[in-house]
Amino acid sequence: MNAQKVLIIGVSGGSGSGKTTFARMLHESITTKLGPSTCAILSQDNYYIDQSARFTGDGSVNFDHPSAIDFPLLAEHLKQLKDGKTVNVPIYDFVTHTRSQVSNPFSALPVVILDGMLIFSQNVIVPLLDHAIFIDAPEQVRFDRRLTRDVRDRGRTPEGVKIQFESQVKPMHDQFIEPSKARATMVVSSLQRFDASIANVLNVILA
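Be aware that the sequence shown starts at 87, since it is given in the working numbering, and climbs by one per residue.
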């Protein structure tokens, strides 16, 4: 790996596919190999557009459509990171659906892992990725995981999660996310342990 270069690794897949787990495991493996200040995770979820004026209940805003994400800002931040600059990452509150007035500084470390379900569907993002890893998971697995997460972490009701999945999550997955798998440089099954795939990625980026 070129010490002068900021390497950006995209990790994508449907909601509940295990992409964030994979990203965290990859981050842990890289920092174990290279040191604690060599890698950080940047999340697509931080770049949601403020939806507080439109959100009136479950299903009122389609959070799974690309238009809900500020991809131009994310692309600009990736370019700045590649230039070695620090960027100010937005903070999004999933309970109030607001974007905070403050932001978190994010430094250009040697490896940046970009975690996001829609990132491979965006022409402004894909050319900025050095590697693109897609985590593949069956629909029922993705729904079960999303149900657990949204009820536990985001204050949602099981009924609301099911309605949103059927009316928005599944259609958006079929339209945008599943086709974007074709742009991946590696496809990983979430039904298998991630260890071997993590080792393969390490071999590639450390070469």
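We put the CB at the ideal spot given by N, CA and C, even for glycine.
| Item | Value |
| --- | --- |
| Element boundaries [beta strand (DSSP E), containing F157] | It is not in any beta strand (DSSP E) - F157 instead sits in the alpha helix (DSSP H) that spans 157-168. |
| With 16 other Cβ atoms within 10 Å as the buried cut-off, status of N132 | buried |
| Endpoints, alpha helix (DSSP H) assigned at G246 | 244-250 |
| Cut-off 7 Å between Cβ atoms - residues of its own chain near R228, not counting five sequence neighbours on either side | G100, S101, G102, S103 |
| When D179, A285, L277, I291 are compared against R240, the one with the closest alpha-carbon | D179 |
| Classification of A223 by the beta-carbon crowding that lies within 10 angstroms, buried from 16 upward | buried |
| Buried or exposed by the 16-neighbour rule on C-beta atoms within 10 Å, applied to S186 | exposed |
| Segment contact, 8 Å Cβ cut-off, at least three pairs: the segment 279-291 with the segment 109-120 | yes |
| A126 - partner residues in DSSP beta bridges | V198 |
| Close beta carbons around P257, own chain, < 7 Å, minus the five adjacent residues each side | none |
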